[in-house]
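Residue 44 in UniProt numbering is what sits at position 44 of the sequence shown, and the numbering runs on without skipping anything. The beta carbon of each residue, even a glycine, is placed where N, CA and C say it ideally should be. Fair warning: this is a prediction, and the values are worked out from it, not measured in the lab. These notes concern the structure reproduced below.
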Amino acid sequence: MPGKQPDVTREKILDAAYQEIHRHGFQAASLSIILDRTGLTKGALYHHFPNKNDLGFAVIEEVIREGLEAMTFTPLRESEDPVATLRELIRRKAEKANVENVSLGCPLNNLMQEMSPLDADFKKRLHALLKTWQDTVGDALRRAQKQGQVRADVDCRAAALFIVSAYEGCIGTAKNLQSVKEFRMCMAELEDYVAGLLANAR
Numbered sequence: 001m002p003g004k005q006p007d008v009t010r011e012k013i014l015d016a017a018y019q020e021i022h023r024h025g026f027q028a029a030s031l032s033i034i035l036d037r038t039g040l041t042k043g044a045l046y047h048h049f050p051n052k053n054d055l056g057f058a059v060i061e062e063v064i065r066e067g068l069e070a071m072t073f074t075p076l077r078e079s080e081d082p083v084a085t086l087r088e089l090i091r092r093k094a095e096k097a098n099v100e101n102v103s104l105g106c107p108l109n110n111l112m113q114e115m116s117p118l119d120a121d122f123k124k125r126l127h128a129l130l131k132t133w134q135d136t137v138g139d140a141l142r143r144a145q146k147q148g149q150v151r152a153d154v155d156c157r158a159a160a161l162f163i164v165s166a167y168e169g170c171i172g173t174a175k176n177l178q179s180v181k182e183f184r185m186c187m188a189e190l191e192d193y194v195a196g197l198l199a200n201a202r
């Protein structure tokens with residue numbers, strides 16, 4: 001259908017841009033390589049994204065955020081057993097680790113480290129996404145607490161901050177060490193921490 005073609009083109013550009021940014025960082029990402037991978041012209045690129053920053057913002061909102069929504073936020077929001085779901089998400093991330101994704105690191109964390117100190121618009125978008133992640137985990141823990149699953153003494157907001165920070169820290173450390181084994185070890189400790197929040201953990 002001709003009416004759908006612009007969306008297909010946009011998705012093709014975003015996919016290629018995401019891959020390029022994840023591998024090389026935003027500043028080093030090459031628009032020429034993105035165009036080569038898509039087979040599109042500069043005109044098609046600039047029709048959708050007037051400049052490189054707009055392309056980067058779209059990668060954050062339409063690729064990274066939507067990926068987190070599908071893989072993490074929605075399962076936690078819809079779960080009847082939020083702690084079990086959170087533990088499963090951590091476990092699944094560890095199981096899916098391989099040499100390539102460990103060596104590339106987390107696309108969100110990579111962009112936060114690279115661009116937040118340099119560009120206020122990037123910082124605002126990245127901070128908003130990180131806050132959504134922390135809020136989603138915090139809300140899930142509070143629901144579990146109301147159900148009697150999480151200990152009454154747990155500060156759910158502080159626990160969520162720690163969980164998301166530790167999750168990203170495991171990925172960042174493993175990227176530096178280039179070690180799938182160390183990543184899985186770190187994530188196992190994080191899962192143990194989450195399990196320790198349960199009311200029956202003591």
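Straight-line CA distance for residue i to residue j?
i, j, result
"THR9", "ALA44", "8 Å"
"HIS47", "ASP121", "21 Å"
"ASP54", "ASN176", "29 Å"
"PRO2", "MET185", "Since pLDDT at PRO2 reaches only 49, below the 50 mark, its modelled position is unreliable, and the value read off the structure follows with that caveat. Looking at the two C-alpha atoms, the distance is approximately 50 Å."
"SER30", "THR85", "38 Å"
"THR74", "GLY56", "24 Å"
"ALA166", "LEU190", "7 Å"
"GLU66", "PHE49", "18 Å"
Is the separation between the beta-carbon of residue i and that of residue j shorter than 9 Å?
i, j, result
"ASP139", "ARG77", "yes"
"ALA97", "MET187", "yes"
"residue 210", "GLU11", "Limits of the chain in this structure are 1 at one end and 202 at the other, which puts residue 210 out of reach."
By the three-class DSSP mapping on this structure, what secondary structure does residue i have?
i, result
"LEU198", "strand"
"VAL63", "helix"
"GLU8", "Just to set this straight, residue 8 is Val in the shown sequence, not Glu. In this structure, VAL8 counts as helix in the three-state DSSP scheme."
"VAL137", "helix"
"VAL164", "helix"
"residue 243", "In the structure displayed, the chain extends from 1 to 202; residue 243 sits before or after that span and is not available."
"VAL150", "strand"
"residue 208", "Absent from the model: residue 208. The displayed extent of the chain is 1 to 202, so no value can be given."
"ALA58", "helix"
For the putative contact between residue i and residue j, defined by C-beta atoms under 8 Å, what is the C-beta separation to the nearest angstrom?
i, j, result
"VAL102", "LEU197", "Contact flag wrong, Cβ pair sits at about 27 Å."
"ALA199", "GLN149", "6 Å"
"GLY25", "GLU114", "5 Å"
"ILE171", "CYS106", "4 Å"
Going by other Cβ atoms of all chains shown within 10 Å of its Cβ, with 16 needed for buried, is residue i buried or exposed?
i, result
"LYS93", "buried"
"residue 204", "Any question about residue 204 goes unanswered here, given that the chain covers just 1 to 202."
"VAL99", "exposed"
"ASN51", "exposed"
"GLN178", "exposed"
"ILE13", "buried"
Can you tell me whether residue i sits near the ligand GDP, meaning its C-beta is under 8 Å from at least one heavy atom of the ligand?
i, result
"GLY67", "Looking for the ligand GDP in the displayed structure turns up nothing, as the structure carries no ligands at all."
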